[in-house]
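In full-length UniProt numbering, the protein residues as written are 244 to 608.
Even glycine gets a Cβ: it sits at the ideal position worked out from N, Cα and C.
Contents: one structure, followed by commentary.
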Amino acid sequence: DKGNYRHFMEKEIYDQPEAISDTLSHYINFSDNQVVAVWRDTVFANVQSLAISACGTAYFAGLIGKYWFEHYARLPVEIDVASEFRYREIPFSPQVAALFISQSGETADTLACLRYCKEHGLKTGAVVNAPESTIARESDTVFPIFAGPEIGVASTKAFTCQLAVLAALAVAAGRASGTLTEKEEQTLVGRLAEVPRVMGQVLNSIRPRIELLSRELAKCRAVLYLGRGTSFPLAMEGALKLKEISYIHAQGYAAGELKHGPIALIDENMPVVVIAPHDRFFDKTVSNMQEVAARGGRIILITDEKGASALKLETMQTIVLPNVDEIIAPMIFSLPIQLLAYHTAVFAGTDVDQPRNLAKSVTVE
Ligand code: M6R
Numbered sequence: 244d245k246g247n248y249r250h251f252m253e254k255e256i257y258d259q260p261e262a263i264s265d266t267l268s269h270y271i272n273f274s275d276n277q278v279v280a281v282w283r284d285t286v287f288a289n290v291q292s293l294a295i296s297a298c299g300t301a302y303f304a305g306l307i308g309k310y311w312f313e314h315y316a317r318l319p320v321e322i323d324v325a326s327e328f329r330y331r332e333i334p335f336s337p338q339v340a341a342l343f344i345s346q347s348g349e350t351a352d353t354l355a356c357l358r359y360c361k362e363h364g365l366k367t368g369a370v371v372n373a374p375e376s377t378i379a380r381e382s383d384t385v386f387p388i389f390a391g392p393e394i395g396v397a398s399t400k401a402f403t404c405q406l407a408v409l410a411a412l413a414v415a416a417g418r419a420s421g422t423l424t425e426k427e428e429q430t431l432v433g434r435l436a437e438v439p440r441v442m443g444q445v446l447n448s449i450r451p452r453i454e455l456l457s458r459e460l461a462k463c464r465a466v467l468y469l470g471r472g473t474s475f476p477l478a479m480e481g482a483l484k485l486k487e488i489s490y491i492h493a494q495g496y497a498a499g500e501l502k503h504g505p506i507a508l509i510d511e512n513m514p515v516v517v518i519a520p521h522d523r524f525f526d527k528t529v530s531n532m533q534e535v536a537a538r539g540g541r542i543i544l545i546t547d548e549k550g551a552s553a554l555k556l557e558t559m560q561t562i563v564l565p566n567v568d569e570i571i572a573p574m575i576f577s578l579p580i581q582l583l584a585y586h587t588a589v590f591a592g593t594d595v596d597q598p599r600n601l602a603k604s605v606t607v608e
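Listed below in structure tokens is the structure:
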């Protein structure tokens, strides 16, 4: 049931504060701000590295997870799109755990990777939304995301719930490996617990701004998305979201790669969406933005209050979010990314919930 919403996608975007809150309640012990102990001794017990595979949006969640596992747990992560993973013929060792991410739990390429890893004797774990799915049944450990049914073909709440689980698991892995102290874990978990409230605040305030910008985007032929650090996978996710529902070509790039090719595309007809919270990468991303501005490119900057006051370019439009901790920024910054794609598609008049040529669950390789 869509309730008062026009599309399932819209409803699912607005479901996120509650979905994240449900998800976190299974991973976090709010009385002591620690990750629930059972998650600590699972796939990560005695592993030396993780190999993640997934498709589409779930893959981008995995890429953000890679930054987290490496940063908070010092656990090396390999990650591939599931359709390529097997072709690399990775020389596995028993200290590798394989992690799969899938909303439906039925994606053929991801399932094929899971079976391949099991044949090679790896421990397996799966972050899934559908608990009865094949991937959930065949993995050694299941990390459910509790997003509730996701009907819109474009994945929204499943993505942010995957991020919530990956963040909690990275913190758990950090404690298990001794990289994080108990106090650091409590601080990080406290930040995660703020996500539903901050999401609610953002969802209540940014819509008019997003609608204004989307009306313009709907007239464009192509859009570039840029980001650094965890904002780089988010840029790719933003581009995927836009192209799949509005049919406007979009590409997500690491901000630093701009000068290695895509800058040739920049002119006054090419909007560039820059995702840049005021984090340790901010200044570098700003200099990439200046390269765009100097060539007449139209910039839509998604930043936080600190970022907005640190920078004013005349040619730039901004979406300003509250200042948040680095570990929750990807979840909060997902909201404008999703809403921008959603409203652009509405203005373009496409079939938002059932985009052409796409299926909710891709069961062929
Ligand atoms: O069910 P899964 O998470 O395994 O699906 C993976 C992709 O097919 C999926 O995320 C797809 O990219 C979405 N339509 C993106 O919005």
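| query | result |
| --- | --- |
| Near the ligand M6R: E487 beta-carbon under 8 Å from a heavy atom | yes |
| Spatially closest choice to T350 from Y310, V320 and S296, by CA coordinates | S296 |
| Cβ-heavy atom distance, C356 to the ligand M6R, below 8 Å | no |
| For A369, three-class secondary structure by DSSP | strand |
| Strand pairing of A465, partner residues [DSSP] | H492 |
| Among A401, M479 and P337, nearest to G348 - alpha-carbon criterion | A401 |
| Q346 CB to nearest heavy atom of the ligand M6R below 8 Å | yes |
| Residue ranges of each beta strand (DSSP E) within the UniProt domain "SIS" (456 to 598), 3 or longer | 465 to 470, 492 to 497, 514 to 518, 541 to 547 and 559 to 564 |
| Residue range of the unbroken beta strand (DSSP E) whose run includes T399 | Note, T399: premise wrong, no beta strand (DSSP E); not H, not E. |
| The alpha helix (DSSP H) enclosing A355, as first and last residue numbers | A351 to E362 |
| Whole-angstrom C-beta distance between V290 and V370, which should lie under 8 Å | Not quite, the Cβ-Cβ distance comes to about 16 Å (not below 8 Å), so this is no contact. |
| Environment of A407 [buried if 16+ CB atoms lie within 10 Å] | buried |
| Any non-hydrogen atom of the ligand M6R closer than 8 Å to C360 Cβ | no |
| 8 Å contact criterion, which A415 and V278 should meet: CB distance rounded | 4 Å |
| Any C-beta of chain C under 9 Å from that of A519 | The structure shown contains no chain C; it holds only a single protein chain. |
| Assigned secondary structure, Q277 (DSSP; H/G/I helix, E/B strand, else coil) | strand |
| Euclidean distance between Cα positions of V589 and M479 | 21 Å |
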